[in-house]
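To start, the structure itself, in structure tokens.
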Amino acid sequence: MLRTDTTLSLFDAEPAPEVAATSREAVLALLPAWADAGWLRRLDAALPAFLAELDAAASPELLLAAALLSQMEGRGHTCLPLQDLCGDPNALLGWPLAGAQALAELWLAMPAAPAGWQQALQGSAVLRSVDAGEADAGQPLVLAAGRLYLRRYWDHERRVAAQVLDRARRAQPIDEAAAREWLDALFDAPKPGTVDWQRLACAIALRGGFSVITGGPGTGKTYTAARLLALLFAVDPAPERLRIALAAPTGKAAARLKQSLDSALQGLAERLAPKLDLTLLAGRIGAARTLHALLGARPDSRQFRHHAGQPLDVDVLIVDEASMVHLEMMASLLDALPPQARLILLGDKDQLASVEAGAVLADLCEGAEQGGYSEQTARYAQAVASISLPEEYLAQASPPALLAQHTVMLRESRRFGGPIGQLALAVHVGDGARAQQLLRDEGPQGRAAPNPPRVGVKETWDAPAFPCEHGPLWGLETATQADVLRLALHGRPGAPASYQAYLSRLALRPASGDVDAHGAWARDVLLQFERFRLLCAVREGPWGAAGLNRAVQQALAEAGWLQVRGEWFIGRPVMVTRNDSALGVFNGDIGIVLPAAGDGGNLRAWFLDGPRLRSVAVTRLSQVESAFAMTVHKSQGSEFEHTALVLPEQAGLLLSRELVYTGITRAREAFSLLAPRPGLMTQAASLPTRRASGLLDRLRTT
1 MLRTDTTLSL FDAEPAPEVA ATSREAVLAL LPAWADAGWL RRLDAALPAF LAELDAAASP
61 ELLLAAALLS QMEGRGHTCL PLQDLCGDPN ALLGWPLAGA QALAELWLAM PAAPAGWQQA
121 LQGSAVLRSV DAGEADAGQP LVLAAGRLYL RRYWDHERRV AAQVLDRARR AQPIDEAAAR
181 EWLDALFDAP KPGTVDWQRL ACAIALRGGF SVITGGPGTG KTYTAARLLA LLFAVDPAPE
241 RLRIALAAPT GKAAARLKQS LDSALQGLAE RLAPKLDLTL LAGRIGAART LHALLGARPD
301 SRQFRHHAGQ PLDVDVLIVD EASMVHLEMM ASLLDALPPQ ARLILLGDKD QLASVEAGAV
361 LADLCEGAEQ GGYSEQTARY AQAVASISLP EEYLAQASPP ALLAQHTVML RESRRFGGPI
421 GQLALAVHVG DGARAQQLLR DEGPQGRAAP NPPRVGVKET WDAPAFPCEH GPLWGLETAT
481 QADVLRLALH GRPGAPASYQ AYLSRLALRP ASGDVDAHGA WARDVLLQFE RFRLLCAVRE
541 GPWGAAGLNR AVQQALAEAG WLQVRGEWFI GRPVMVTRND SALGVFNGDI GIVLPAAGDG
601 GNLRAWFLDG PRLRSVAVTR LSQVESAFAM TVHKSQGSEF EHTALVLPEQ AGLLLSRELV
661 YTGITRAREA FSLLAPRPGL MTQAASLPTR RASGLLDRLR TT
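Letter 293 of the sequence shown, counting from 1, is numbered 293 in UniProt numbering, and no numbers are missing.
As structure tokens, this is what we get:
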């Protein structure tokens with residue numbers, strides 16, 4: 001029997017209170033108690049209560065499943081497979097010991113097989129069973145293919161799959177001889193016996209209305225996209241009419257996309273002249289925007305200005321960092337895209353999925369390593385790209401998967417061939433032992449000198465920083481918060497980039513009144529800050545982003561590096577947490593608080609969009625937080641000369657392979673790992689993220 005009068009903390013090992021959990025009343029009493037214990041969110045317990053008001057006959061199984069579905073949605077899942085409700089549900093939920101015991105006891109009264117759950121769920125007025133052929137009457141829950149959905153996610157999934165497949169089937173007319181000629185101009189001749197995946201990606205994207213170019217850091221996704229744009233200009237009979245849009249989930253990623261494409265196109269212009277005036281054509285490509293800005297986000301609404309009834313005015317849309325695009329956003333984007341427009345997605349399928357529900361890019365790229373190309377695609381690759389696809393990349397199944405014919409994985413990293421790339425690869429394949437060995441070989445355990453003695457936070461800022469020889473990798477698995485602070489200020493041998501660089505620039509403020517000099521100073525401060533970043537697996541706690549932000553700020557103030565006066569002070573790094581198109585700031589933008597030019601009193605937050613410097617009065621910014629440390633999720637789309645990843649002692653299922661891989665691949669030249677106890681890296685490498693979704697099955701069968 002389970003009780004209802006619980007006041008247990010999250011990590012309390014006592015059993016949950018008793019109630020008879022065989023009735024709907026008992027479940028409705030139990031769920032708020034679980035929320036009090038911290039195992040469910042308040043929202044998770046409120047949904048079943050709402051459903052019970054709509055349907056007085058709703059079964060206890062349905063109410064319980066709805067609560068767990070809500071919690072799953074909060075963790076990024078789009079549905080709850082009934083199969084996962086059988087056996088040990090805590091393998092899916094990862095609750096602490098007391099929660100696991102409560103679940104195990106309750107599950108003795110629950111169905112033991114998916115068929116039993118399906119029978120218990122069907123027949124309610126709040127659930128539509130697609131499997132049973134029930135009509136759509138606006139029910140808030142949907143049961144389809146053995147998965148329980150919140151209605152909106154079932155609808156998003158259905159729309160995304162239908163539109164992706166429709167666009168993939170829509171062939172674009174191609175002059176193969178002309179395409180081959182331009183590919184020869186854009187790329188060096190393929191080496192015999194090798195596959196130029198970048199060249200192949202351009203050829204594949206040319207022939208369809210939908211394509212995906214995926215690959216890890218340094219594999220040349222934007223390099224390839226630049227050549228694809230040049231190819232589209234070259235083969236179009238009226239290239240000046242092409243309307244091209246660039247977008248990314250965050251402002252930072254959008255700025256990087258535009259900057260990278262502009263640089264690549266500038267280099268291509270000389271290569272293609274005088275056959276194609278690429279400079280003139282590239283000049284018509286507007287600034288890259290966030291997806292929210294592209295679609296026309298409306299304040300306090302999930303609706304956009306652009307939709308199926310008012311589509312985007314675009315012929316080609318390139319979206320970078322597509323792994324960050326959640327299911328709802330992808331549905332809105334596809335709705336707003338004109339039927340004849342091309343959509344090209346760029347991204348690393350192995351990075352963390354979006355914060356919100358869905359893992360769209362991972363589902364779209366399922367099996368990309370194997371290729372899975374049809375005989376028709378192989379013939380096309382030979383005829384247009386002069387590429388002979390090896391047998392290992394040809395489809396083994398019949399018929400070949402449609403999406404595989406529109407997906408190319410770039411496989412050669414030009415940036416991550418050294419230790420950082422080796423570490424990222426080891427984590428990606430789940431080889432925790434290899435990852436640990438790399439850190440030992442490159443870090444202090446593999447070098448001559450020991451770590452410096454532990455010191456208090458205040459003394460940290462005057463202490464020498466890890467005085468031993470290290471390479472680009474370094475790890476400390478018995479770290480304290482003082483170690484994190486020391487690394488943040490001083491860096492380390494082999495990785496000197498740290499916050500000391502930007503802090504030292506603050507004192508070099510030019511004389512008031514010189515606007516140009518002030519702008520150059522502000523730009524330099526921002527660039528120096530972007531060289532280093534503390535990344536965290538979680539937000540809360542002493543090892544989380546919020547806790548480390550407070551610790552770094554306090555320590556810098558005590559050491560005299562910052563003069564903290566209230567919320568706003570010179571040198572405070574801030575991250576925007578909510579889009580505000582009126583101010584021109586978007587979720588994920590990073591800025592530094594500095595004085596206005598020629599005015600020592602007014603403070604402004606200064607931001608860089610590529611080469612462009614802009615500022616906003618701090619009095620107008622309400623949705624920001626300090627950015628000495630940020631979560632790995634928030635760092636996607638960014639790169640830093642030196643990245644320090646901080647792992648928490650307790651993170652549960654949040655500490656995943658994809659999280660550590662993403663953290664490692666934010667580093668350009670040096671990566672540091674700090675953890676409070678040994679084994680966390682190995683633990684993370686063994687836990688791949690698997691988000692429950694029906695999108696992949698729809699893409700395979702629709």
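We put the CB at the ideal spot given by N, CA and C, even for glycine.
Under 9 Å between the Cβ atoms of residue i and residue j?
i	j	result
Val552	Val624	no
Leu361	Val325	yes
Leu535	Ala684	no
Gly290	Gly251	First, the residue type needs correcting, since residue 290 is Thr and not Gly in the sequence shown. Taking 9 Å as the Cβ cut-off, Thr290 and Gly251 qualify as a contacting pair.
Ala125	Leu54	yes
Leu403	Val525	no
Leu687	Arg657	yes
residue 759	Arg199	Any property of residue 759 remains undetermined from this structure, which presents the chain solely from 1 to 702.
Leu527	Leu608	yes
Leu30	Ala120	no
Leu655	Leu680	yes
Gln405	Thr377	yes
Pro510	Ala501	no
Gly358	Leu317	no
Nearest-angstrom Cα distance between residue i and residue j?
i	j	result
Ala692	Cys79	6 Å
Gly421	Thr689	21 Å
Arg41	Arg151	20 Å
Leu548	Thr631	11 Å
Ala264	Ala225	9 Å
Leu508	Gly541	35 Å
Leu294	Arg677	44 Å
Arg505	Leu334	45 Å
Gln310	Pro96	48 Å
Pro239	Glu270	18 Å
Ala58	Leu92	24 Å
Ala112	Ala497	56 Å
Asn579	Arg298	10 Å
Ser388	Leu183	15 Å
Ser332	His307	7 Å
Gly208	Asp277	25 Å
Ala52	Ala135	21 Å
Arg550	Phe569	14 Å
Asp88	Ala401	34 Å
Gly116	Gln122	10 Å
Ala273	Arg243	22 Å
Gly694	Ser129	15 Å
How should residue i be labelled, buried or exposed, when 16 other C-beta atoms within 10 angstroms of its C-beta is the threshold for buried?
i	result
Glu649	exposed
Ala102	buried
Arg486	buried
Tyr223	buried
Gln636	buried
Arg492	buried
Asp196	buried
Asn587	buried
Ala465	Because the pLDDT of Ala465 is 48, which lies under 50, any placement of that residue in the model is unreliable, and the number read from its coordinates should be weighed accordingly. Flag for Ala465 reads buried.
Ala104	exposed
Asp589	buried
Glu73	buried
Lys634	buried
Thr43	Rather than Thr, the amino acid found at residue 43 in this sequence is Leu. With fewer than 16 other Cβ atoms within 10 Å, it is exposed.
Pro48	buried
Val314	buried
Lys275	exposed
Our contact map puts residue i next to residue j with C-beta atoms below 8 Å; I'd like the distance itself, whole angstroms only.
i	j	result
Leu337	Leu312	6 Å
Pro32	Ala45	5 Å
Phe210	Leu343	5 Å
Ala479	Ala629	Not quite, the Cβ-Cβ distance comes to about 14 Å (not below 8 Å), so this is no contact.
Leu85	Ala65	7 Å
Ala522	Leu594	5 Å
Leu699	Leu165	7 Å
At a cut-off of 8 Å, would you count residue i as near the ligand GDP, judging by its Cβ distance to the nearest heavy atom?
i	result
Pro89	This structure lacks the ligand GDP, and indeed carries no ligand of any kind.
**Asked** Between the stretch 316-324 and the stretch 349-368, do three or more beta carbon pairs fall short of 8 Å?
**Response** yes
**Asked** Counting Cβ pairs, one atom from each stretch, are 3 or more of them under 8 Å apart for the stretch 226-246 and the stretch 422-433?
**Response** no
**Item:** contact_flag[the stretch 154-162, the stretch 384-401] where n(CB pairs < 8 Å) is 3 or more
**Value:** no
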